[in-house]
Amino acid sequence: MASHGISRGAGPVVRSEEARQKELQQITAYRDLADLVSTKMAERQYTVQVLGQITKLLNENPEYYTIWNHRRRILIALVAEEAPRQSPDELLQGDLQLTFALLRKFPKCYWIWNHRNWLLREGEALMGAEAAYKLWSGELQLINKMLHADSRNFHAWGYRRFVVSQIERLTPSQHGGSQQSLAESEFEYTTKMIKTNLSNFSAWHNRSQLIPNILREREADPQTRRDFLGAELSLICEAINTDPFDQSIWFYHQYLLSILSPSCPPHQLVVQDLTNGERQGYYEHEMQYIREILEDEADCKWIYEALLGLAEAHMEVDAGTGSFTTKDMRAWLDELKRLDPLRRGRWEDLERRLSL
Amino acid sequence: MSLVSGPGRGGMAGMPVEMQLFVDKHVSYIQSLDTRKDELEYWLTEHLRLNGLYWGLTALHLLGHAHALPRTGILDFVLSCLHESGGFGAAPGHDAHMLYTVSGVQILATLDAFGELEERVPGGRQKIGKFIAGLQDPETGTFAGDEWGEQDTRFLYGALNALSLMGLLELVDVEKAVQHVHSCANFDGGYGTSPGAESHSGQVFTCVGALTIAGRLDLVNQEKLGAWLSERQLKNGGLNGRPEKKEDVCYSWWVMSSMAMLGKLHWIDGDRLTRFILQCQDPELGGLADRPGDMVDVFHTVFGIAGLSLLKYPGLEEVDPV
Ligand SMILES: [Zn+2]
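In C-alpha cells:
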C-alpha cells in the first residue's frame, strides 16, 4: 500500500484475460492459506505443521504482523511441550534462517527485525546467558551484511546499537572487572564505513554517540582528550576538503563545534576543562581553514553557513574578536541568500537574529 | 494529523496545468480502493486496511469531499476491528496493535462518532484508553506497539495523539513520556526511534507532535531542528527524510508538519514543493506517488494532499499539523 520507487509505466495497465485469471488463482491460493492458518490458530493447533504453513505465508507476505504473532504463539507452545520434538536451539536456528532470508528480500520490514529481536530475547530466557551471548554476537555478522547492502538502513543501525548493548551486558566479566565494552571496535567500524563513503551520515551519527564512552573507558586525561578532539577535527576538515557539498560532513562538523560550546551538556563534552581562550583558538583555526577552501569553492553555501556558525560561536565566548568583522558576516549572509534561495526565509530570520 | 474547520472549497479555474490538483480523479481513486478485490495487492495489504481507510478518509476531507465514502459503512468496519481488549486490529481477525488503534480513534474523531462508539460498545472509550495506557513502559515512559514489546517513538506519539483526541490523557504518565522523547534528541536537533538513534524526519514528526500535545515544545532545540528540517528540501523542490537521501512525497508531511509546529514553514520554498507534489499525481487514474512517474498509493496520496494543505493550496481544507 505504500510503494516506493516502482515505476507506473505509460498509461493504464490493461491485464489480459489470461493474466487476470492467473491473478485470481493466486488470490484464491493466498486467501486459502491465510484462512487455513487463522482456523488452525483459532483451534489452538500449535503444531509444527501449522508452523510450516505460517512460514509459507510469511514468505508471501512478511508484512502480515498477526501471522508473526501466531508464529510466536506456536514457538512458545512447542518449547513448553513435555516431550519436545525439537530443542529450543533448533527452533530458534530455524527462525533465524527464515528471518535472515526474508530480511535480504525485505530489508525495511519492521516486523521481521522485530521478530528477530524477540527470538534472541526469548533465547536468553530459555537457554541462559552464555548461549545468548553467542547468539547476540552472531547478530553482528548479519548486520554487517545488511549494512553492506545498504549502508544507511536505519533498521540495521538501530538493531546494531541494541545488539551491541546486549553483547556488552552479557560479556563475561574478566578479573571481576566491569563489563566489557564494544565501543572501540564499533568506533573503528564507523571509521571504516566513513572511509568507504564520506556521505554516510548514519556512520557519522553513530560515531558521535560512541565518543563520550570511548573517552570514559580509556580514562582519557585532559591532554588525551584534546588530542582526540584534534584528530576528529582534522578528519572532518579533510572530508570537507574532499567534498564540500555533502551535508553529512557538515552536520558532523556542526557536532564537533557543538561539543566545544560552553552550553554543551556535560555528559557530551569531549574536553571538560576547555578555556574560552582555547575555544577561540579552535574557532579561529576552523575559520581560517574553511576560508581557504572558499577560494576554490566560492559557490558552496555550506561554507558560508559554517562561517556564520563559527562567527556566532566565537561571539559567544569573545565579543571583541579581530578574526572577522560584521562586514564579513553580512557578506556571508548575502552569499547564502544568493546561493540558497530555497531557504531564503531562514536566512532572513538569521539576518534579524544576528542583527546584521 | 486531524482536521480543523477551514475555508470552504475554492475555485481552481485559471490555474496553469502544471499547478492543477486533479481533485475529482483523486476522489474516484480513493473510492475505487475497496473495489479492487480482484487484485492480489488488495489482499497482500490487508494488514493496512484500517490505516488505509483513515488515509483515504482524511484525503477526502481535505479535498472537500468528506461524504464520498459511506459513513455507516466506515463505522461498521472500524468497529469490526475493535477487540475486547480495547485495541484495534488492521482488519477483522487481525491482532490488536497501537498503530491500528490510533487509526481507529482518528477515524472515530474525524466522523465525530464517539457517541455511536458508546452506544454500540458501552464503555468503549475507556476501554480503548486503557488498552493504550497499558502499553506504556512505567520505567522509561515510552510505549510498546503491542504485547510483544517492540518500542518506538512512533507508538508514543500515537498513544498521546489518540488519548488526547478522546480526552483521556490523564490515563498515562505524560511527564515520563515527555522525558523519554527528550532523551531521543540528537545534537542536530532531530529525534530518532529511541535514545541514541539517528535523526529521521518521520521520527521528528512523532517526537515534535508528542511534545506539542504535551505542551512542551520548549524542550526542542528549535533553531537547530528547523535548520535540519529545512535542509530536507532538494533542488527539485521535494523533501527527503534524512541527509543525503532521495526526495519522497510522504516527507512533505513529516517534515512540513514538524516545521509548522515550530512556526518555521517559511524556511523552505513552498512554491517549489507544491510543484514537486503536483508532479507526483497520476493525472489519468488519480492518486499520488512517492516520486513523479511512480505507482500511486493511498499513503502517498494523503500525505501529498496534506502537504499541499499546509502549503495553503487553494480549495483544500486546512489540516492540523499534529
Ligand atoms: Zn514515501
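Going down the list, the sequences are from chains C and G. Position 157, counted from 1, in the first sequence is what the numbering used here calls 1012; the numbers after and before it change by one each time, with no gaps. Position 183, counted from 1, in the second sequence is what the numbering used here calls 184; the numbers after and before it change by one each time, with no gaps. All residues carry an ideal CB built from backbone N, CA and C; glycine is no exception. Model, not experiment: these values are computed from the prediction.
For residue 257 (chain G), return the contacting residues in chain C, with the cut-off set at a CB-CB distance below 8 Å. Correct list: empty, because the minimum Cβ distance to chain C is about 13 Å.
Given 7 Å as the limit, tell me if residue 301 (chain G) has its C-beta closer than that to any heavy atom belonging to ligand 1. yes
Use the C-beta contact count for residue 343 (chain G): other C-beta atoms within 10 angstroms, 16 or more gives buried, fewer gives exposed. No information on residue 343 (chain G) is available, as it lies outside the stretch 2 to 323 that chain G covers here.
Tell me the DSSP secondary structure of residue 12 (chain G) in three-state form. For residue 12 (chain G), the pLDDT reaches just 46, beneath the cut-off of 50, and the residue's location in the model is therefore unreliable, although a value from the coordinates is still provided. In this structure, residue 12 (chain G) counts as coil in the three-state DSSP scheme.
Segment contact, 8 Å Cβ cut-off, at least three pairs: the stretch 31-43 of chain G with the stretch 51-69 of chain G: Per the Cβ contact rule, the stretch 31-43 of chain G is in contact with the stretch 51-69 of chain G (3 or more Cβ pairs under 8 Å).
Alpha carbon of residue 11 (chain G) to alpha carbon of residue 20 (chain G), nearest angstrom: For residue 11 (chain G), the predicted model reports a pLDDT of 43, less than 50, meaning its position is unreliable and no value from the coordinates is stated.
So is residue 956 (chain C) buried or exposed if we call it buried at 16+ other beta carbons inside 10 Å? exposed
Under 7 Å between beta-carbons, which chain C residues line up against residue 133 (chain G)? List them in chain order, please. Ordered by position in chain C, no residue passes the 7 Å Cβ test against residue 133 (chain G), which lies about 18 Å from the chain.
I'd like to confirm the pairing. Which residues does DSSP put opposite residue 298 (chain G) in its beta bridges? Its beta-bridge partners are G:289.
Are the CB atoms of residue 210 (chain G) and residue 200 (chain G) within a distance shorter than 8 Å? no
Residue 158 (chain G) versus residue 263 (chain G) - alpha carbon distance: 17 Å
CA-CA distance, residue 1184 (chain C) and residue 995 (chain C)? 47 Å
Name the DSSP beta bridge partners of residue 186 (chain G), please? G:192
Between residue 1193 (chain C) and residue 231 (chain G), is the Cβ-Cβ spacing less than 8 Å? no
The stretch 1049-1072 of chain C: which residues have C-beta closer than 7 Å to a C-beta of chain G, in chain order? 1054, 1056, 1057, 1060, 1063, 1064
Could you name the residues of chain C that residue 234 (chain G) contacts, counting a contact when the two beta carbons are closer than 9 Å? Taking a Cβ-Cβ cut-off of 9 Å, the neighbours of residue 234 (chain G) in chain C comprise 1197, 1198, given in sequence order.
With DSSP as the reference, please indicate the residues paired to residue 248 (chain G) in a beta bridge. G:241
Taking 7 Å as the line, does the beta carbon of residue 201 (chain G) fall inside it for any heavy atom of ligand 1? no
Give a yes or no on whether the minimum CB-CB distance between residue 1122 (chain C) and chain G is below 8 Å. no
Which residue from C:1045, C:1199, C:1061, C:1042 puts its Cα closest to that of residue 196 (chain G)? C:1061
By Cβ distance, which residues of its chain are closer than 6 Å to residue 1042 (chain C), with the 5 residues on each side in sequence left out? 1065, 1069
Hey, is the stretch 1159-1172 of chain C in contact with the stretch 1120-1140 of chain C, meaning 3+ C-beta pairs nearer than 8 Å? Result yes; three or more Cβ-Cβ pairs closer than 8 Å.
Using a beta-carbon distance below 8 Å, is residue 128 (chain G) in contact with chain C? Residue 128 (chain G) has a beta carbon lying at 8 Å or more from every beta carbon in chain C.
Any non-hydrogen atom of ligand 1 within 7 Å of residue 256 (chain G) CB: no
Apart from the five residues just before and just after residue 1195 (chain C), which ones in its own chain have a Cβ nearer than 6 Å to its Cβ? Hits under 6 Å: 1156.
Among G:135, G:256, G:139, which residue has its Cα nearest to the Cα of residue 146 (chain G)? The shortest C-alpha separation from residue 146 (chain G) is found at G:135.
One or two residues paired with residue 1 (chain G) in a DSSP bridge: The structure shown does not extend to residue 1 (chain G), since chain G spans only 2 to 323, so no value can be given for it.
Keeping to the same chain, check which residues put their C-beta closer than 8 Å to that of residue 1163 (chain C); ignore five residues upstream and five downstream. 1184, 1187, 1188, 1191, 1205, 1209
Under three-state DSSP, which class holds residue 1204 (chain C)? Three-state DSSP puts residue 1204 (chain C) in a helix.
Over the uninterrupted alpha helix (DSSP H) stretch that includes residue 1013 (chain C), give me the two end residues. 1009-1025
For residue 1101 (chain C), collect the residues of the same chain with a Cβ closer than 7 Å to its Cβ; drop the 5 residues on either side in sequence, then sort them by chain order. 1053, 1054
Is there a C-beta anywhere in chain G that falls below 8 Å from the one on residue 891 (chain C)? no
Chain G contact residues for residue 878 (chain C), given Cβ-Cβ distances below 9 Å: Close to residue 878 (chain C), with beta-carbon spacing below 9 Å, are these residues of chain G in chain order: 39, 40, 41.
What residues of chain C sit near residue 268 (chain G), judged by a beta carbon separation below 7 Å? Residues of chain C passing the Cβ test: 1198, 1200, 1201.
Using a 10 Å radius around the Cβ and a threshold of 16 neighbouring Cβ atoms, would you call residue 6 (chain G) buried or exposed? Model confidence at residue 6 (chain G) stands at a pLDDT of 43, short of 50, so the residue's coordinates are unreliable and nothing is read from them.
Secondary structure of residue 137 (chain G), DSSP reduced to three states: strand
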